[in-house]
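One structure is given here, and the rest of the page talks about it.
Protein chains in written order, with our numbering: chain X, -6 to 375; chain S, -6 to 375.
Here you go:
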């Protein structure tokens, strides 16, 4: 299939590009380096340098023989979007092209405005481009489990059957997100669901939990092909942050009570889930929603796992609860369904001690790059 | 109170400005003439000319003695927003500043993009301005009953208690709108609800049904103070359109089966509802939602009412079902709750034959201005 990956430079975008070419697809990537630019502006660069997208495609071609076509530009600009869709003519679009950080979206007005504008306008342009250029194409959108928030009832897979005053109807599961970033994903879902109904688009919306890890089948033998690894409060996901804190001797930053529970997955499972969705497309007029994670952990459980494995490395890992800069439930009910992707064939990787060890080993290699000042910023939600 | 009316030039904005000054409030209006410009671009000007906002405030001052301060500019521009909030320092903000037409939002990509960008960015800037300049101010947002769509269960007033697998929780009532315009209002609600929870904003979100009528206490004696009266498919609400069609001898345009049912209200009741909300503000951290309408009618019922009264004027009104350009249920369950505003003291005006007669008389006066080509356009949802 011709697969267009929007946000192809990102933590998940680049590994997806390699994985799909290695599995027989023709891939083009699109990026405007928004995330690299924001990381520089905010002084929170990743743990190690990552070649630019053109350079990475040359390295991947050298290593594997596979081509990846590159488009650099801003998907908020319609003329650019029209160029890309006119030239590449995708069968499927994987849409990762969003400002992905919750704390960044809460940093100040400028960051909030950028997040809103980028995420909503790009999603709208993707919808309009599919309508105009490739109305049968399948849109695979990366949503987030954070759209649901932490409700007091079970989280179903995207939809909820509601009985009320003796009548029944099916609705999008009510969403209530915990950051502006997560709220923009709710707004994306509103937009996609509207146009799916009006224009019979084919959409898969993947409600993903926090991802951890670095290694995939495609990059294991060549560290130049590794994705970004952010360990800072803004762009690092929690397990990745804890690993770096453990290596750096920085007490693991547990916010408040640490009972915040989420569904996690290994980066290799993100690749599986995206490919399974791609190769089993949704029908015309269908908004198919999967909850994309493998296991749930509380922040305390994650911290304890990292501490335990870290101590086998003689890291003497300390855990410290700090005042929660966010406004969130620190102790809550959490029981989300996640059967759809398993039924499609997902073979989960679990968060074993070996996985944590491999991450620790890698980070230890880059230990000298860790900037202590990047680790904690305390961006306040209030 | 110092009340800032955003979209103060509009069908509801200007009557609200006069009404609030007449009731003791200090009012400033903000507008960028977006709606006038779009009406000109699309060749669908209102039935009669309306003076510009500066001129209207002079006329109102002459007639009533009350001042209204005017700011002309685009609320998508932060520097303008900051100027307005810095100078006027509102106690309450009435936010009507949205592209308000469902068919316009479905016309083409440019119109869709304008609708999305205007509606979301202005709402976001209002939130940021309140946070920075007047954190205690009350935001009164005009939403729409269209946010709920036409679900198969009763529509509650903004919120729904859901029991699921033996547990209970309260959610925003699930929203599923029928046009891009209505979807932007859902997205506005998402944004407001998020920041209400984070920043303890005070917000009242008025889920309004289609409004009809022209006359209010403030303009009845001076036709120069009447609001816009659009009768075209893009900007005319359905009863206003039917009245003009009846006068023009144009068969009333019922879409499809005509069973589409909505909650309606007289423009005088909009003014009451807004003033009741203003004078009984919501609490800090509260998103208060009212369903703002008085009676429900199907399109067929409205057409028959206009036909019946029109025939008393010897207009020989014909009703013609035409192929529905929209994608919507033409025959559906509809049972929305609307008690909140009645409890606050709303004294409803009903759609009597007298009300229809008065509207017919006014439109007959401007009969020569009717452009037949503006009446029906057939903007397709598909």
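Note that the Cβ used here is the ideal one computed from N, Cα and C, for glycine as well.
None of these values were measured; they are calculated from a predicted model.
Taking just the CA atoms, how far does residue j sit from residue i?
i                      : j                      : result
residue 154 of chain S : residue 163 of chain S : 4 angstroms
residue 166 of chain S : residue 144 of chain S : 11 angstroms
residue 282 of chain S : residue 184 of chain S : 14 angstroms
residue 210 of chain X : residue 16 of chain X  : 11 angstroms
residue 269 of chain S : residue 249 of chain X : 41 angstroms
residue 372 of chain X : residue 93 of chain X  : 15 angstroms
residue 0 of chain X   : residue 100 of chain X : 22 angstroms
residue 330 of chain X : residue 8 of chain S   : 50 angstroms
residue 122 of chain X : residue 14 of chain X  : 23 angstroms
residue 77 of chain S  : residue 228 of chain S : 28 angstroms
residue 304 of chain S : residue 346 of chain S : 12 angstroms
residue 358 of chain S : residue 366 of chain S : 19 angstroms
residue 117 of chain S : residue 23 of chain X  : 28 angstroms
residue 63 of chain S  : residue 137 of chain S : 26 angstroms
residue 80 of chain S  : residue 278 of chain X : 49 angstroms
residue 351 of chain S : residue 133 of chain X : 54 angstroms
residue 218 of chain X : residue 203 of chain X : 21 angstroms
What are the residues that DSSP puts in a beta bridge with residue i?
i                      : result
residue 180 of chain X : Paired residue(s): none; residue 180 of chain X is not in a bridge.
residue 154 of chain X : X/163
residue 21 of chain S  : S/-3 and S/62
residue 106 of chain X : Paired residue(s): none; residue 106 of chain X is not in a bridge.
residue 205 of chain X : X/259
residue 245 of chain S : S/312
residue 200 of chain X : X/136 and X/284
residue 86 of chain S  : S/-3 and S/132
residue 291 of chain S : S/254
In three-state DSSP terms, what is residue i?
i                      : result
residue 296 of chain X : helix
residue 81 of chain X  : helix
residue 193 of chain X : coil
residue 6 of chain S   : helix
residue 146 of chain X : coil
residue 270 of chain S : helix
residue 221 of chain S : coil
residue 275 of chain S : coil
residue 121 of chain S : helix
residue 172 of chain X : coil
residue 73 of chain X  : helix
residue 126 of chain X : helix
residue 114 of chain X : helix
residue 41 of chain S  : coil
residue 186 of chain X : helix
residue 92 of chain S  : coil
Just reading off the beta strand (DSSP E) that residue i is part of, what are its end residues?
i                      : result
residue 346 of chain X : Not the beta strand (DSSP E): residue 346 of chain X falls in the alpha helix (DSSP H), residues 346 to 358.
residue 284 of chain X : 279 to 285
residue 332 of chain X : Element bounds for residue 332 of chain X: n/a, residue is neither H nor E.
residue 313 of chain S : 312 to 315
residue 364 of chain X : Unbroken run through residue 364 of chain X: none, as it is neither H nor E.
residue 137 of chain X : 131 to 137
residue 34 of chain S  : Premise fails: residue 34 of chain S lies in the alpha helix (DSSP H), 27 to 34, not in any beta strand (DSSP E).
I'd like the span of the alpha helix (DSSP H) that includes residue i, first residue to last.
i                      : result
residue 252 of chain S : From DSSP, residue 252 of chain S is part of no alpha helix (DSSP H); its letter is neither H nor E.
residue 54 of chain X  : 46 to 57
residue 236 of chain S : 231 to 241
residue 322 of chain S : Counting along the chain, residue 322 of chain S falls outside any alpha helix (DSSP H), and DSSP gives it neither H nor E.
residue 98 of chain S  : 95 to 98
Under 9 angstroms between beta-carbons, which chain S residues line up against residue i? List them in chain order, please.
i                      : result
residue 281 of chain X : None at all; the shortest Cβ gap to chain S is about 17 angstroms.
residue 121 of chain X : 102, 105 and 106
Chain S partners of residue i, CB-CB under 8 angstroms?
i                      : result
residue 134 of chain X : Here the premise fails: no neighbours, minimum Cβ distance about 16 angstroms.
residue 276 of chain X : Neighbours of residue 276 of chain X on chain S: none; closest Cβ ~17 angstroms, over 8 angstroms.
residue 176 of chain X : 183, 184 and 187
residue 372 of chain X : Per Cβ cutoff of 8 angstroms: no residues; residue 372 of chain X is ~12 angstroms from chain S at best.
Along chain X, which residues have their Cβ under 8 angstroms away from the Cβ of residue i?
i                      : result
residue 320 of chain S : 190 and 191
residue 164 of chain S : 144, 167 and 169
What residues of chain S sit near residue i, judged by a beta carbon separation below 7 angstroms?
i                     : result
residue 78 of chain X : Ordered by position in chain S, no residue passes the 7 angstroms Cβ test against residue 78 of chain X, which lies about 13 angstroms from the chain.
Kindly list, in the order they appear in chain X, the residues whose Cβ is closer than 9 angstroms to that of residue i.
i                      : result
residue 200 of chain S : Simply none; closest approach about 16 angstroms.
residue 147 of chain S : 157, 158 and 160
Could you work out which residues of chain X lie near residue i, taking near to mean beta carbons separated by less than 7 angstroms?
i                      : result
residue 98 of chain S  : Going along chain X, no residue has its Cβ under 7 angstroms from residue 98 of chain S, so there is no contact; the nearest lies around 10 angstroms.
residue 113 of chain S : 109 and 113
residue 180 of chain S : 180 and 183
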